[in-house]
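If you want our numbering, it's the position in the sequence shown, counting the first as 1, plus 769.
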Amino acid sequence: TYLLLKQQKHLSLLTQPEKISQCFRRSVGGEAGIKNVLVPFCFNSKKSLLNTPGSLTKQEPSLTKSEWQKQLTPEQFYVTREKGTEPPFSGVYLNNKDSGMYHCVCCDSPLFSSEKKYCSGTGWPAFSEAHGTSGSDERDTGILRRVDTSLGLTRTEVICKQCEAHLGHVFPDGPGPTGQRFCINSVALKFKPRKH
């Protein structure tokens, strides 16, 4: 659902922090000089629609390089913002068997469920599909796929739909029924255990 903010009474809401989430203010460019803005409707909500998978096709990165460097550890920045790769068998979530959800370390979007995690033996956490996948439809997931031709190879990069963080790659050598192996860097993820 979208709201076109044209009237002055709606613009006043943008300067009331208790009425609007931090991510909403960031997404529209701050609190000053906004005249006509098409934005996701998220007033009076602690959970912004901007973090809901499938709510946007893509959200432009809202932070500068220096802001990301301040927010992330050097390892997180290297992997997520500079498309790096953590060393194999080094990730904190490689052997995690707890039930829960893996979120983007940069923007907290839910990306992968522990129910789809498996041991691939490759040295990185592996998932058979992204959270929100319906059959082969990934429109309601928190990920996007991009062609990656770095290193002289053609691979499929996996990025966060919300903030474009580099997560890893997907390969066609996974288990059935999807046959996919989402090879994801632990450092790009934040695990939230399932509450019982």
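Glycine included, each C-beta is placed from N, C-alpha and C at the ideal position.
Taking just the CA atoms, how far does residue j sit from residue i?
i, j, result
"threonine 821", "glycine 890", "With a pLDDT of only 35 at threonine 821, under the threshold of 50, the placement of this residue in the model should not be trusted, and no figure is reported."
"valine 848", "isoleucine 953", "10 Å"
"aspartate 917", "threonine 925", "6 Å"
Thinking just about the alpha-carbon of each residue, which of the options is nearest to the one in residue i?
i, options, result
"aspartate 877", "Phe951, Phe940, Gly943, Leu936", "Leu936"
"leucine 922", "Cys873, His938, Ala899, Cys929", "His938"
"serine 897", "Thr947, Val916, Phe858", "Thr947"
"glutamine 949", "Arg963, Lys834, Lys886", "Lys886"
"proline 857", "Lys961, Phe940, Arg963, Val956", "Val956"
"arginine 850", "Arg963, Ile928, Gly943, Lys961", "Ile928"
"glycine 869", "Val861, Lys852, Ser882, Gly860", "Ser882"
Where does residue i land, buried or exposed, given buried means 16+ other C-beta within 10 angstroms?
i, result
"threonine 842", "exposed"
"serine 903", "exposed"
"glycine 945", "exposed"
"asparagine 958", "Inspection of the sequence shows that residue 958 is occupied by leucine rather than by asparagine. Classification for leucine 958: buried."
"leucine 920", "exposed"
Do residue j and residue i have their beta-carbon atoms positioned less than 8 Å apart in this structure?
i, j, result
"proline 894", "leucine 913", "no"
"valine 874", "glutamine 845", "yes"
"lysine 930", "glycine 943", "no"
Measuring only between beta-carbons, confirm whether residue i sits less than 8 Å from chain D.
i, result
"glycine 904", "Although the question refers to chain D, the structure presented lacks it and comprises just one protein chain."
Checklist entry - Counting only runs that start and end within the segment 873 to 898, where is the beta strand (DSSP E) found for 3 or more residues in a row? => result 879 to 882
Item to check | Complete beta strand (DSSP E) runs within the segment 921 to 960 (minimum length 3 residues, chain order) | outcome: 924 to 929, 935 to 940, 950 to 953
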